[in-house]
Every structure is written in C-alpha cells, then in structure tokens.
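Structure, as structure tokens:
2 protein chains.
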Amino acid sequence: MTQQQPHPFDRALALDHSDLRAGLFAGTTSPDYWNMIGPFGGTTAAVALQAVLRHPDLLGAPIALTVNYAAAIEAGAFDVQATPARTNRSTQHWTVQITQAGASGAPQVTTTATVVTAVRRETWGATDLAMPAAPAPQAVERVTLGPAGVAWIGQYEMRPVGGGIPARWDGGGDHSETLLWVRDALPRPLDFPALAAMSDLFYPRVWLRRATRVPAGTVSITTYFHAGAAELAEVGTGHLLGRAVGQQFRNGFFDQAAQLWSEAGTLLATSNQIVYFKE
Amino acid sequence: MTQQQPHPFDRALALDHSDLRAGLFAGTTSPDYWNMIGPFGGTTAAVALQAVLRHPDLLGAPIALTVNYAAAIEAGAFDVQATPARTNRSTQHWTVQITQAGASGAPQVTTTATVVTAVRRETWGATDLAMPAAPAPQAVERVTLGPAGVAWIGQYEMRPVGGGIPARWDGGGDHSETLLWVRDALPRPLDFPALAAMSDLFYPRVWLRRATRVPAGTVSITTYFHAGAAELAEVGTGHLLGRAVGQQFRNGFFDQAAQLWSEAGTLLATSNQIVYFKE
Chain A
196 MTQQQPHPFD RALALDHSDL RAGLFAGTTS PDYWNMIGPF GGTTAAVALQ
246 AVLRHPDLLG APIALTVNYA AAIEAGAFDV QATPARTNRS TQHWTVQITQ
296 AGASGAPQVT TTATVVTAVR RETWGATDLA MPAAPAPQAV ERVTLGPAGV
346 AWIGQYEMRP VGGGIPARWD GGGDHSETLL WVRDALPRPL DFPALAAMSD
396 LFYPRVWLRR ATRVPAGTVS ITTYFHAGAA ELAEVGTGHL LGRAVGQQFR
446 NGFFDQAAQL WSEAGTLLAT SNQIVYFKE
Chain B
196 MTQQQPHPFD RALALDHSDL RAGLFAGTTS PDYWNMIGPF GGTTAAVALQ
246 AVLRHPDLLG APIALTVNYA AAIEAGAFDV QATPARTNRS TQHWTVQITQ
296 AGASGAPQVT TTATVVTAVR RETWGATDLA MPAAPAPQAV ERVTLGPAGV
346 AWIGQYEMRP VGGGIPARWD GGGDHSETLL WVRDALPRPL DFPALAAMSD
396 LFYPRVWLRR ATRVPAGTVS ITTYFHAGAA ELAEVGTGHL LGRAVGQQFR
446 NGFFDQAAQL WSEAGTLLAT SNQIVYFKE
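Residue numbers (the numbering used here), protein chains in the order written: chain A, 196 to 474; chain B, 196 to 474.
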C-alpha cells in the first residue's frame with residue numbers, strides 16, 4: 196500500500212479549528228512557499244480564501260477576493276478568522292483577518308481580506324478580453340530563475356512567452372508586460388485557492404519596466420473569479436496563460452492588471468494589485 | 196451677506212460622531228444621489244472613505260479602496276465604523292463597515308470596505324496606460340439621459356465621446372467600452388471621495404454589450420488612487436476623462452475595468468468592479 200504525500204500547496208493551506216462554526220482557524224506558514232521576508236503573498240491570499248471555503252455556513256463559490264497585506268507574516272503559527280458579515284439569497288459577504296502573536300503576545304493583524312461568494316446561474320456570456328496569441332506551452336522554455344532563498348518560485352512551472360525577468364539589470368526597460376504559461380510544478384488539479392495564488396505570481400512590474408531591481412511588495416490584491424468549480428475541474432492540471440502589465444507607476448506605488456486563461460482560452464480570473472516600491 | 200449652501204456631494208458625505216477616536220460615525224442617505232433602489236454606489240464608496248479620512252489617527256492619503264455592497268442601503272440613517280487594523284511606519288490598513296438597523300432594530304451590515312492609506316514619497320514614475328485620444332470636453336455634447344427617478348445622474352456633467360447609453364435597446368451591441376468627459380454638474384474641487392464616487396459612475400457594461408437592459412448591480416469595487424491631494428487640487432473643477440470596459444461576462448457576473456485621467460493627461464485612478472446581472 197502506498198501512502199501519498201499531500202501536495203505542498205495543500206500543506207500550505209492546511210487549517211485546524213477548535214470550533215468550526217466560529218470560523219476561527221489556525222495555520223502555519225509553509226517553508227515550501229517562502230518568499231524573501233515572509234510567505235509568498237499568493238499563499239496568504241489562498242489561506243484567507245480557504246478559511247471561507249471551509250466555513251460550514253458557506254453559500255456558493257468565490258466571486259471576488261481582496262487581500263490587504265498589512266504586515267509581513269513571520270514564520271510559524273497564525274490564526275485566521277472568517278466571518279459571514281451578510282448572507283443574502285444568492286450572495287454572501289465575508290470579512291477575514293489573519294493575526295499573529297506580537298512581541299507582547301497580543302494578536303496583531305497581519306492581513307485583512309474580504310470575500311464575496313455567490314450561487315451562480317447560467318446566463319448569457321461573452322469575453323471582451325481575448326486570450327493573447329502564444330505558442331503552445333511545450334514550445335516555450337521553462338525557467339527556474341529567481342533570487343536565492345525564494346522557495347515558492349520552485350513550486351511553479353513557469354514558461355515565459357515574453358517579459359521574463361530581465362537578463363541584464365541595466366536600467367534599459369521600456370514596457371511592463373509579461374506573458375507566461377504556468378502551472379503547479381507538482382501536478383495539482385486547479386481550484387479556487389490555487390487560482391487566487393497564481394493571480395499573484397508575477398514578479399514586480401517595476402523590475403521589468405526599469406530593468407532595475409528595487410524593493411517592492413504587494414500592498415493589496417483583488418481577484419475576480421469568472422469560472423465555477425466545474426470549469427476549474429475541466430482545466431485540471433493543465434497550463435494557464437497568465438498576463439500581467441503595469442498601468443501607473445508614481446510616488447512609491449504602481450498598479451498591476453493581470454489575467455489568467457485556461458489553455459482552451461477561457462478567462463478564468465482577472466486580478467489587480469497595488470504594489471509599493473522604493474526609489 | 197450671502198450664505199453659501201454646501202455642495203450636494205458634501206451633504207451626502209456629512210458624518211456626525213459622538214466619539215471621534217472610536218471611529219464611529221452617523222450619516223444619512225442623500226436624496227440628491229439616489230439610484231433606483233438605494234444610494235448611488237459611488238456615494239456609498241465615498242462615505243466609507245470619508246470615515247477613514249475623518250479619523251484622527253489617519254496616516255497619509257488613500258492608496259486603495261475596496262467596497263463590497265452587501266445589501267441595499269435604505270433611505271435614512273446609517274452608521275459607519277472605521278477601524279485602523281494596522282498602522283505601520285508609512286502605510287495604514289483600515290476596515291470599514293456600514294450598518295443600518297434591521298426590522299428587529301439590530302444593526303445589519305450593508306457594506307464592508309477596506310482602505311489602505313500611505314505617506315507617499317517622490318520616486319521614479321511612468322504611465323503604461325496612455326490617455327485615449329478624445330476631442331476637448333467643450334466639443335462633446337452633454338447628455339442628461341437616465342432612467343426616471345435616478346437622481347444621482349443629474350449631479351454629474353457627462354459628455355460621452357463613445358459608448359453612450361444605447362439609443363435603441365435592440366439587442367445589437369458588439370462592444371462594452373465607454374469613453375466620456377465628466378465632472379460635477381455643480382462645480383466642486385476634486386478630492387479623494389469625489390474620485391472614489393466617479394470611479395463608479397459608468398452604467399452597467401452589460402447594457403452596452405447587449406443593447407439590452409437587464410437588472411444589474413455592483414457587488415464589489417476596488418479603486419487605486421495614483422495621485423496625491425496636491426495633484427487633485429490642480430485638477431480643481433476641471434473635466435476628467437473616464438473609460439470603462441467589460442472584460443468577462445459569465446453566469447450572472449461581469450467585471451469592469453475603468454480609468455480616470457485629468458484633462459492634462461494624468462492617470463488619477465484605476466478602478467475595477469464585479470457586477471451582478473440577470474439572464
């Protein structure tokens with residue numbers, strides 16, 4: 196009999212609870228998804244969403260997720276509180292807070308989030324943002340570049356079609372758009388937490404735009420989910436095409452618009468974030 | 196001696212408080228900005244932001260605002276609670292809730308919001324989203340069309356360059372993009388609450404895309420502010436160029452990306468929302 200190890204992403208999402216109905220969960224940061232000075236923001240977003248998805252009062256599936264990175268999460272234990280602020284007939288509004296014990300032992304807020312879930316019904320539909328043209332994933336070289344000590348990058352199979360990390364940091368950048376194929380390095384069927392995490396996997400647009408590395412970090416991310424669980428299941432372990440572009444860089448902050456399509460061309464998620472940068 | 200009436204938008208933003216430090220404010224819905232079954236969502240967003248801006252512990256200026264419309268606000272009194280969840284050296288994270296007394300008298304959440312404020316410093320900057328070409332505002336005809344009983348539309352001077360409300364509801368739509376000049380009908384110098392409200396003034400993209408009117412309402416909006424108070428003051432009572440486009444319409448929801456530029460071409464705000472629609 197073989198016992199299968201849980202996927203690293205499922206380990207990162209693992210939440211304990213003493214009273215499920217109260218929506219209070221306990222988690223631990225994952226070394227597998229460690230970033231430079233805290234967990235990869237994508238896993239933090241996924242954990243906030245996961246607390247809602249685990250709540251027994253959940254209505255429907257995720258429509259919108261906003262995560263505000265109030266402070267770096269330190270390695271170790273954290274608590275997640277998910278609260279249904281309002282439940283309607285077919286939509287539900289959630290607030291989420293992640294806290295860690297501070298120096299004094301009192302809980303400090305590291306992350307605030309809001310989630311909208313809804314029961315979706317079949318309607319008319321259309322896409323006004325076509326998938327960009329790209330060669331098949333297999334035709335694009337996989338990269339594993341990333342700063343030393345950044346574990347999370349190794350958890351993804353990334354194949355940049357354009358706008359990869361600059362080969363020379365020579366200040367010569369002239370655009371801020373990245374297009375890449377991506378999926379979990381260790382195959383894992385796509386679900387909402389994975390989509391939430393992948394929406395945050397683009398390196399800082401300011402690095403590309405300036406071909407210069409400056410300190411940068413996401414302050415707030417908002418992701419809209421355009422597909423249901425059945426459509427995500429259809430994608431399975433397939434590649435997603437991700438696109439990210441900066442829009443406005445000014446006085447310490449820039450915004451990034453991002454999209455994720457299935458290989459079949461379905462726009463699964465659109466995401467925006469505002470990012471702090473220095474200098 | 197003449198006494199000047201406050202601007203209707205300032206009346207809509209008026210908040211009382213019994214204990215400013217506690218961040219609990221009391222407001223009243225404005226008939227001037229009434230929409231079909233509740234206040235114009237832009238004023239609700241502006242009120243949530245205003246509570247943060249009025250709080251004595253405020254650090255810096257708004258960077259990001261997310262407002263979730265959990266339930267329609269009824270005409271009359273409401274309460275706003277603004278809480279600084281985390282204060283860092285140069286950024287601050289806020290949670291906001293708007294409540295109204297329900298049928299039983301107990302407070303019901305109508306709106307949740309998060310706000311990030313920050314002290315901005317001068318840095319390198321660039322725009323990767325150029326202002327679309329448009330004739331001067333004076334060269335574009337002003338429209339005052341809107342469904343009967345929708346007061347808020349009259350509060351804005353709107354001059355659509357393209358993508359105005361369909362003249363014929365004949366199901367013949369083929370795009371979802373609107374471009375228009377806008378400012379307060381009664382002149383009022385631009386500030387952050389006004390920018391938050393104007394980010395929400397585009398009529399539902401699904402109406403344009405289908406040239407069909409279906410029930411629709413914003414569920415969640417996120418606005419990023421790219422300018423400081425001094426830059427907004429420079430705009431003064433000038434026109435803004437607004438652009439809005441739908442991206443994905445599917446199974447009861449669509450998202451809208453929007454931008455607001457000053458007439459001089461500065462990208463002041465980028466905004467995204469997810470909108471419920473029927474059929």
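Just so it is clear, CB atoms sit at the ideal spot from N, CA and C, and this is done for glycine as well. Predicted, not measured: the structure shown is a model, and the values here were computed from it.
Original post:
In this structure, does DSSP put Asp214/B in helix, strand or coil?
Top reply: strand
Original post:
When the cut-off is 8 Å and only beta carbons count, does Arg405/B lie next to chain A?
Top reply: yes
**OP:** Would you be able to state if there are at least three C-beta pairs under 8 Å between the segment 411 to 430 of chain A and the segment 219 to 237 of chain B?
**Re:** no
**OP:** Output yes or no for whether 8 Å exceeds the beta carbon distance between Trp243/A and Ile416/A.
**Re:** It is worth fixing the name first, because residue 243/A is Ala in this sequence and not Trp. No, they are not a contact pair.
Original post:
Could one say the Cβ of Leu462/A lies closer than 8 Å to chain B's Cβ atoms, at least one of them?
Top reply: At a cut-off of 8 Å, the C-beta of Leu462/A has a neighbouring C-beta in chain B.
**OP:** Inspect the beta-carbon positions of Gln295/B and Ile268/B and report whether they are closer than 8 Å.
**Re:** yes
**OP:** Pull up the distance between the alpha-carbon of Gln199/B and that of Asp274/B, whole angstroms please.
**Re:** 27 Å
Original post:
Hey, quick one: how far does the beta strand (DSSP E) through Trp289/B stretch, first residue to last?
Top reply: 286 to 296
Subject >> Residue span of the alpha helix (DSSP H) that contains Val345/B, given as start and end >> reply: From DSSP, Val345/B is part of no alpha helix (DSSP H); its letter is neither H nor E.
**OP:** Going by DSSP, name the residue or residues bridged to Phe497/A.
**Re:** In the structure as shown, chain A begins at 196 and stops at 474. Residue 497/A is therefore absent and cannot be evaluated.
Original post:
Roughly how many whole angstroms lie between the Cα atoms of Leu260/B and Gly447/A?
Top reply: Here the alpha carbons of Gly447/A and Leu260/B stand approximately 17 Å from one another.
Original post:
According to DSSP, is Ala428/A helix, strand or coil?
Top reply: In this structure, Ala428/A counts as helix in the three-state DSSP scheme.
**OP:** Consider the Cβ of Leu324/B: report whether some Cβ of chain A lies at a distance smaller than 8 Å.
**Re:** yes
Original post:
Measuring CA to CA, which of Gly423/A, Gln468/A, Ala425/A is closest to Gly441/A?
Top reply: Gln468/A
Subject >> Proximal residues, the segment 445 to 474 of chain B versus chain A, C-beta separation under 8 Å >> reply: Arg445, Asn446, Gly447, Phe448, Asp450, Ala452, Gln454, Leu462, Thr465, Asn467, Ile469, Tyr471, Phe472, Lys473, Glu474
**OP:** Look at the Cβ atom of Thr407/A, then the Cβ atom of Val470/A, and state whether they are nearer than 8 Å.
**Re:** no
Original post:
Listed in chain order, which residues of the segment 253 to 269 of chain B have Cβ atoms closer than 8 Å to some Cβ of chain A?
Top reply: Listed by position along the chain: Ile258, Ala259, Thr261, Asn263, Ala265, Ala266.
Original post:
Got a sec: is the Cβ-Cβ distance from Arg315/B to anything in chain A below 8 Å?
Top reply: By this cut-off, Arg315/B is an interface position.
Subject >> When Gly300/A, Arg383/A, Pro388/A are compared against Pro201/A, the one with the closest alpha-carbon >> reply: Arg383/A
Subject >> Residue-level contact to chain A via CB, Arg281/B, 8 Å cutoff >> reply: For Arg281/B, the answer is yes, since a Cβ of chain A falls inside 8 Å of its Cβ.
Subject >> Pair within 8 Å by beta-carbon distance, Val310/A and Val247/A >> reply: yes
**OP:** At 9 Å on the CB atoms, spell out the chain C contacts of Gln442/B, in chain order.
**Re:** No chain C is present in this structure, whose protein chains are A and B.
Subject >> Where the alpha helix (DSSP H) containing Val377/B begins and where it ends >> reply: Here Val377/B belongs to no alpha helix (DSSP H); instead the beta strand (DSSP E) covers 372 to 379.
Original post:
Would a C-beta distance cut-off of 8 Å place Val262/A and Thr290/A closer than the cut-off?
Top reply: no
Original post:
Between the segment 284 to 307 of chain A and chain B, which residues of the former have CB atoms less than 8 Å from a CB of the latter, in chain order?
Top reply: Along the segment 284 to 307 of chain A, going in chain order, the ones with a CB nearer than 8 Å to a CB of chain B are Thr286, His288, Thr290, Gln292, Gln303, Val304, Thr305, Thr307.
Subject >> beta strand (DSSP E) segment containing Ala313/A, residue limits >> reply: 302 to 313
Original post:
What residues in the segment 216 to 230 of chain A bring their beta carbon closer than 7 Å to a beta carbon of chain B?
Top reply: none
Original post:
Using 8 Å as the Cβ pair cut-off and three pairs as the minimum, do the segment 446 to 464 of chain B and the segment 308 to 327 of chain A touch?
Top reply: yes
Original post:
When you compare only the Cα positions, how much space is there between Ala207/A and Leu253/A?
Top reply: 21 Å
Original post:
Any idea what DSSP makes of Gly367/B, helix, strand or coil?
Top reply: Gly367/B: coil per DSSP, three-state reduction.
Subject >> Opposing strand residues paired with Ala321/A [DSSP bridges] >> reply: Phe444/B
Original post:
Tell me, which residues are paired with Trp229/A by DSSP?
Top reply: Pro234/A
Subject >> Contact check, Leu374/A vs Leu462/A, beta carbons under 8 Å >> reply: no
Original post:
Which of the three DSSP states, helix, strand or coil, is assigned to Leu260/A?
Top reply: strand
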